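See structure below.
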Amino acid sequence: MKTKLSLTASVLLTALLSTPIAQAANGCLTAPDENITKIYFANGVANTEADALHSLAYIKSAYRWDLADRDDERYEFNTAYNYTQGAVADIIEVFKQKKDEVGLEGINAEQLFWLIWRQKTSVDFVKSAIRAMTDIPNPDAIADRIDESVLAELFSTIEEKEAAVISDRERVNAAHESTYNADLISGKRVIVFAHSQGNLFTNEAVRTVILGKPERAKSIGVVNIATPANSVVNQSPYVTAYDDRVIGALRLLQPVLESNLDNDLGLIDDNRDWLNHSFIPGYFDQELPSRAVIDDAFWSYVDNLPYPGIEAGEGAIRASLTWGEQKDVDLHAFEPNGSHVYYVNTMGVSGKLDVDDRSQYGPENYVVACEDVELGTYEIGLNYFSGSAPANAKISIFLGNNETVTPKTVTLSEPLGRSGDASPQILFRVNVSEDESGQITYDVE
2 MKTKLSLTAS VLLTALLSTP IAQAANGCLT APDENITKIY FANGVANTEA DALHSLAYIK
62 SAYRWDLADR DDERYEFNTA YNYTQGAVAD IIEVFKQKKD EVGLEGINAE QLFWLIWRQK
122 TSVDFVKSAI RAMTDIPNPD AIADRIDESV LAELFSTIEE KEAAVISDRE RVNAAHESTY
182 NADLISGKRV IVFAHSQGNL FTNEAVRTVI LGKPERAKSI GVVNIATPAN SVVNQSPYVT
242 AYDDRVIGAL RLLQPVLESN LDNDLGLIDD NRDWLNHSFI PGYFDQELPS RAVIDDAFWS
302 YVDNLPYPGI EAGEGAIRAS LTWGEQKDVD LHAFEPNGSH VYYVNTMGVS GKLDVDDRSQ
362 YGPENYVVAC EDVELGTYEI GLNYFSGSAP ANAKISIFLG NNETVTPKTV TLSEPLGRSG
422 DASPQILFRV NVSEDESGQI TYDVE
């Protein structure tokens with residue numbers, strides 16, 4: 002499927018949250034040379050992109066002016082978005098992540114549904130719970146329709162959604178891991194505000210990044226907020242309120258980190274949501290004790306995280322390859338001029354292989370500088386060179402206009418050695434063209 006990259010509403014809002022930078026005719030965004038820190042918000046369940054960007058805007062407004070006073074440093078704010086499939090599917094996803102985290106037996110649909118409604122199949126309880134909900138339209142009308150047959154149908158729906166949940170989780174994990182890896186190899190620090198389910202995605206992504214390159218642990222930090230996890234990654238701080246009802250309910254069924262903060266301001270002054278769990282009213286409100294904990298963790302990272310060494314260049318087009326424990330998977334690029342860039346020929350006419358890894362995990366990196374980009378099609382692929390078992394490999398594409406493309410992951414059955422170099426498996430085609438105004442545009446398929 003061909004995807005034309007354009008500035009969607011969410012990308013436009015993200016751009017507004019960032020330091021203004023100019024766009025050149027070659028399609029690249031240009032900015033002065035500075036030390037860059039990428040700040041992400043990883044959202045919880047049932048958050049739309051607009052919801053996540055709203056939370057990100059609060060984070061930006063809380064810190065932007067103080068950050069602006071720091072010389073020779075630039076801070077960019079983005080979402081590490083966890084796509085929602087609706088509350089039911091999102092909560093199923095939490096259970097599947099918990100199962101992998103602590104090695105539990107499989108969770109059946111009834112147990113999942115019990116968590117959602119706080120009771121297994123009690124029609125009366127479900128009716129009461131729905132009527133108490135303030136974030137759904139016409140709760141009384143919905144409650145009036147609940148009976149045993151409706152509950153049975155909901156159980157069935159949960160089971161059907163489980164397959165979609167697995168696919169969604171793999172996609173989000175791949176995107177987050179690739180994003181953090183790409184930042185770190187280009188010399189940027191990473192700070193993640195993770196809320197609720199976002200902690201589970203963040204833990205997995207950061208753990209994978211550090212597993213591949215342990216030295217990157219010192220340049221990435223996580224602020225864990227209302228976490229459903231049973232541990233933190235990279236010795237990062239966390240805050241969970243004693244009266245967080247969502248985490249409290251999960252704790253009845255699963256191992257979860259102990260709550261560690263009294264966030265209750267009293268009956269009159271307590272403006273949190275009724276679950277005491279939402280990001281802004283439940284934890285980030287400046288009057289809450291949790292906000293002071295979050296602020297301390299953030300500023301500690303700002304003051305103390307070192308910038309990583311630059312391993313890879315950035316430009317109009319950048320392709321990054323990562324893989325698992327097998328010895329060597331190679332990145333290949335075919336340029337519009339006919340050049341084949343790979344480990345034998347690392348310099349093309351317009352691009353180069355500036356990182357070549359031969360000892361597990363990667364990354365390998367191909368980059369086309371903004372001033373050297375050509376019109377035509379760049380083909381990006383890979384070859385499983387050496388190993389002893391099937392290898393999972395992933396390619397991520399990053400464009401000079403700050404747009405990113407959903408990574409593609411493949412399973413490679415057996416190593417081909419040099420015999421696979423002439424015909425690598427192509428995962429992406431980046432078509433570079435010029436519009437009527439002379440501006441370079443990028444289509445990715």
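Note that the numbering used here has the sequence shown beginning at 2, numbered continuously upward.
Even for Gly, the Cβ is constructed at its ideal location relative to N, Cα and C.
Computed from a predicted structure; not experimentally measured.
- For the options 325, 321, 327, 326, the alpha carbon positioned closest to that of residue 333 is the one of 321.
- In the structure shown, the three-state DSSP call for residue 300 is helix.
- Under the rule that a run must span 3 or more residues, the beta strand (DSSP E) segments found entirely inside the region 291-361 read 318-324, 329-335, 352-356.
- Apart from the 5 residues on each side of it in sequence, residue 191 sits with its Cβ closer than 6 Å to the Cβ of 39, 181, 184, 221 in its chain, given in chain order.
- In its chain, beyond the 5 residues on either side, 282, 283 have a beta carbon closer than 6 Å to the beta carbon of residue 273.
- Contact annotation, residue 83 with residue 199: C-beta distance approximately 6 Å; criterion of less than 8 Å satisfied.
- Residue 268 and residue 403 have their C-alpha atoms roughly 46 Å apart.
- In this structure, the alpha-carbon of residue 430 lies about 16 Å from that of residue 411.
- Here DSSP, grouped into helix, strand and coil, assigns residue 373 to helix.
- For residue 392, the secondary structure class from DSSP, reduced to helix, strand or coil, is strand.
- Rounded to whole angstroms, the gap between the alpha carbons of residue 277 and residue 209 is 31 Å.
- Assignment of residue 77 by DSSP, reduced to helix, strand and coil, places it in the strand class.
- The beta carbon of residue 204 is closer than 7 Å to those of 230, 234 in its chain, skipping five residues each way along the sequence.
- DSSP places residue 190 inside the beta strand (DSSP E), whose first and last residues are 190-196.
- According to the DSSP assignment, residue 65 belongs to the alpha helix (DSSP H) that extends over 50-69.
- The shortest C-alpha to C-alpha distance from residue 345 to any of 357, 336, 338, 339 is the one to 357.
- Scanning 327, 440, 43 for the CA closest to the CA of residue 414 turns up 327.
- Within the same chain, Cβ atoms closer than 6 Å to the Cβ of residue 294 are found at 240, the five residues on either side in sequence being excluded.
- DSSP, reduced to helix, strand and coil, places residue 72 outside both helices and strands of the structure shown, so it counts as coil.
- Counting other Cβ atoms within 10 Å of its Cβ, residue 263 stays below 16 and is therefore classed as exposed.
- Of the residues 290, 287, 368, 218, the one whose Cα lies closest to the Cα of residue 305 is 218.
- Across the set 428, 214, 225, the C-alpha of 225 shows the shortest separation from the C-alpha of residue 291.
- In this structure, the straight-line span from the alpha carbon of residue 433 to that of residue 71 is close to 37 Å.
- Taking a 10 Å sphere around the C-beta of residue 81, we find 16 or more other C-beta atoms and assign the residue as buried.
- Relative to the Cα of residue 340, the nearest Cα in the group 309, 258, 423, 288 belongs to 423.
- Rounded to the nearest whole angstrom, the CA to CA distance from residue 366 to residue 354 is 6 Å.
- At a Cβ-Cβ threshold of 7 Å, residue 244 and residue 227 do not count as neighbours.
- Around the C-beta of residue 242, 16 or more other C-beta atoms lie within 10 Å, and the residue is accordingly described as buried.
- The three-state secondary structure of residue 284, taken from DSSP, is helix.
- Residue 379 sits in a strand when the DSSP states are folded into three classes.
- A distance below 6 Å between beta-carbons, with the five flanking residues on each side excluded, links residue 397 to the following residues of its chain, in chain order: 179, 321, 408.
- Excluding sequence positions up to five before and after residue 391, its CB lies within less than 6 Å of the CB of 412, 414, all in the same chain and listed in chain order.
- If you check the CB distance, residue 387 and residue 416 come in under 7 Å.
- For residue 222, the enclosing beta strand (DSSP E) stretches over residues 221-226.
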